[in-house]
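One rule links them: number in the UniProt record's numbering = place in the sequence shown (from 1) + 276.
Contents: one structure, followed by commentary.
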Amino acid sequence: EAITVAELANRMAERTADLVKALFKMGTPVTSNQVIDQDTAELMVSEFGHNIRRVSDSDVDIQAETDVDDDENQQPRAPVVTIMGHVDHGKTSLLDALRGTDVASGEAGGITQHIGAYMVTQKDGSKITFLDTPGHEAFSDMRARGADVTDIVVLVVAGDDGLRPQTIESIAHIKAANKPMIVAINKMDKPGSNAQKIREALLQYDVQVEDMGGETQDVEVSATAKTGLDTLIEKIQLQAELLELTANPDRDAEGVVIEATLDKGRGPVATVLVRRGTLKTGDIFVVGAESGKVRALVDDKGKQVKSAGPSVPVEILGLSGVPLSADPLSVVENEARAREVAAYRASVIQQKRTTTAPASLESMFSALRDKQAQQFPLVVKADAQGSVEAIVGSLNKISTDLIQVRILNSGVGGITESDVSLASASKAPIIGFNVRANAKAREIATRDGVALKYYDVIYDLLDDIRAAMAGQLGPEY
Ligand code: GDP
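Dropping the structure here:
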């Protein structure tokens, strides 16, 4: 029995746009009226955390169990924070210093495990989870693969240096992801540091901190002298409160793989960040194309724990194989179901590997068509600053009330891996004006299905984009 995307979304009480997006990420670009087969439908149902009731072999009745995520079941959860910034500005030092503010680590004898993420507990009992892989590459890679786990970004800028290329790239990635940011002006112990200069420089990139009349929080810190850390923690908590982050801890767990390896002694090990529900030992799960039964859970202090709730990172033992980072984990009812879903995912992945071609502008737009906010994201690279300005200026002018060009990043130079990961995370095409992509960027673009479009005449470029924008809106406009 087949079912349309819209009908399935309806039965699950999910938004059609979310379902289209999830299918797109799985490599099945469809529109809302298109029919999908039963296996795909079932997979989506479990992806969205609903139950399937099989009425007969050929028919599937989806029992929307929406109540599990109803408001009354929601409880506050810890924010998940990523640290970004230019190399040598102190990301790693700051992560270490923040880890040192954990009041719970004393019990573990100060031994910390690097499992890809850690959680710090403050004196008042509140908790914050930090992802241990700093930088915008990891952040955008995860997002491109559907694992948008970060709630808040801390942008580190060395007070004795200033905004540097990766600072500027980070700002573009943070804005493209619509994440709140807190600017940590680091190395304030150094005599040459000048925080005011940084605040002013940020204006040029549309980042206005509170002192400059804006809403972005900033804080002066020193990762090595350990000053300003309490204030930074407070600002993260304040931001988290504004976001009202919640999850239902009382349901089957869902999570995302942060890191996974094959450990000599322990076999396949994955660090999972739990997003909803509570993961327990003995739980049967599917993770990416692997499945398993939780044999043991180990926290970031190396301690065995029996369960892990929302926003908690834990290492899982008991996997059938090594999953990939960003793979989703879902607890399922039994082993047969786990194997079934894992096998299906493996076949989807296999299929994708053999058929992946760079998505055409058209297919990308049909997938985008169901998005509610009509935005047209683009990355623009050109050979000269004058061209960049002319192109961005003209693109902004072709925006209408119905659809708006959104420049995720623009700049002078060839198309790089960073451009591709940024574009990929927002499913945006990249425009090269008199410039091309380097080999590595082309390879990633092919893998991730990012469209690369080259032009040497602005008029042609605008014509194409205008047509594509009209295409995204659909024939009714
Ligand atoms: P990352 O590349 O952004 O992860 O930067 P690191 O954390 O590795 O720091 C780069 C260098 O800056 C190291 O030599 C650190 O010791 C130094 N550093 C980091 N934070 C501070 C700070 O607050 N004050 C001073 N004086 N040095 C710092």
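Just so you know, even glycine gets a beta-carbon here, dropped at the ideal spot from N, CA and C.
Asked                                                                                                                                                                  : Found
Measuring CA to CA, which of 664, 452, 501 and 456 is closest to residue 514?                                                                                          : 456
Taking the straight line between their C-alpha atoms, what separation do you get for residue 731 and residue 738?                                                      : 10 Å
Just to confirm, does residue 586 get its C-beta within under 7 Å of one of the non-hydrogen atoms of ligand 3?                                                        : This structure lacks ligand 3; its bound ligands are ligand 1.
Go ahead and pull the three-state DSSP assignment for residue 662.                                                                                                     : helix
Compute the distance between the beta-carbons of residue 599 and residue 405, then report whether it is under 8 Å.                                                     : no
Once you ignore the five residues that flank residue 518 on each side, which residues in its own chain have a CB closer than 8 Å to its CB?                            : 456
Fully enclosed by the region 546-630, which beta strand (DSSP E) runs are 3 residues long or longer?                                                                   : 560-563, 566-574, 589-595 and 604-607
Can you list the alpha helix (DSSP H) stretches of 4 or more residues lying completely in the region 693-727, in chain order?                                          : 693-701 and 715-724
How close, in whole Å, do the beta carbons of residue 462 and residue 497 come, if the pair is a contact with beta carbons under 8 Å?                                  : 5 Å
For ligand 1, any of its heavy atoms closer than 7 Å to the Cβ of residue 369?                                                                                         : yes
Which value, in whole angstroms, describes the spacing of the CA atoms of residue 363 and residue 532?                                                                 : 27 Å
Does the Cβ of residue 364 lie closer than 7 Å to at least one heavy atom of ligand 1?                                                                                 : yes
Skipping 5 residues on each side, what residues in its chain have a beta carbon closer than 8 Å to that of residue 611?                                                : 560, 567 and 569
For residue 390, count neighbouring Cβ atoms within 10 angstroms of its own Cβ and tell me buried if that reaches 16, exposed if not.                                  : exposed
Could you tell me the boundaries of the alpha helix (DSSP H) in which residue 527 lies?                                                                                : Premise fails: residue 527 is in no alpha helix (DSSP H) and is neither H nor E.
Among 693, 320, 505 and 358, which residue has its Cα nearest to the Cα of residue 378?                                                                                : 505
Sorted by chain position, which residues of the same chain lie with C-beta nearer than 6 Å to residue 502's C-beta, five sequence neighbours on each side aside?       : 373
Where residue 555 and residue 591 are concerned, what is the direct C-alpha to C-alpha distance, given to the nearest angstrom?                                        : 11 Å
Going by DSSP, name the residue or residues bridged to residue 657.                                                                                                    : 687 and 708
Is any non-hydrogen atom of ligand 1 found closer than 7 Å to the C-beta of residue 465, if you look at the structure I gave you?                                      : yes
Measure the Cβ-Cβ separation of residue 749 and residue 704 and say whether it is below 8 Å.                                                                           : no
Strictly by DSSP, which residues pair up with residue 396?                                                                                                             : 404
For the region 666-674 against the region 613-620, are there 3 or more C-beta pairs whose distance is under 8 Å?                                                       : no
Taking all protein chains shown into account, decide if residue 431 is buried (16 or more other Cβ within 10 angstroms of its Cβ) or exposed.                          : buried
State the CB to CB distance for the pair residue 650 and residue 679, rounded to an integer number of angstroms; the pair is presumed to be in contact (CB under 8 Å). : 4 Å
Taking one C-beta from the region 347-356 and one from the region 298-315 each time, how about it: are there three or more such pairs within less than 8 Å?            : no
Going by C-alpha to C-alpha distance, which of 423, 403, 365 and 397 sits closest to residue 411?                                                                      : 365
Pull up the distance between the alpha-carbon of residue 687 and that of residue 446, whole angstroms please.                                                          : 14 Å
Can you find a heavy atom of ligand 1 that lies under 7 Å from the Cβ of residue 689?                                                                                  : no
Check residue 360 in the structure and name its three-state DSSP category.                                                                                             : strand
Roughly how many angstroms separate the alpha carbons of residue 542 and residue 418, rounded to a whole number?                                                       : 26 Å
Pull up the CB-CB distance for residue 775 and residue 511, whole angstroms please, since I reckon it's below 8 Å.                                                     : Examination of residue 775 is not possible in this model, given that the chain is present from 277 through 753 alone.
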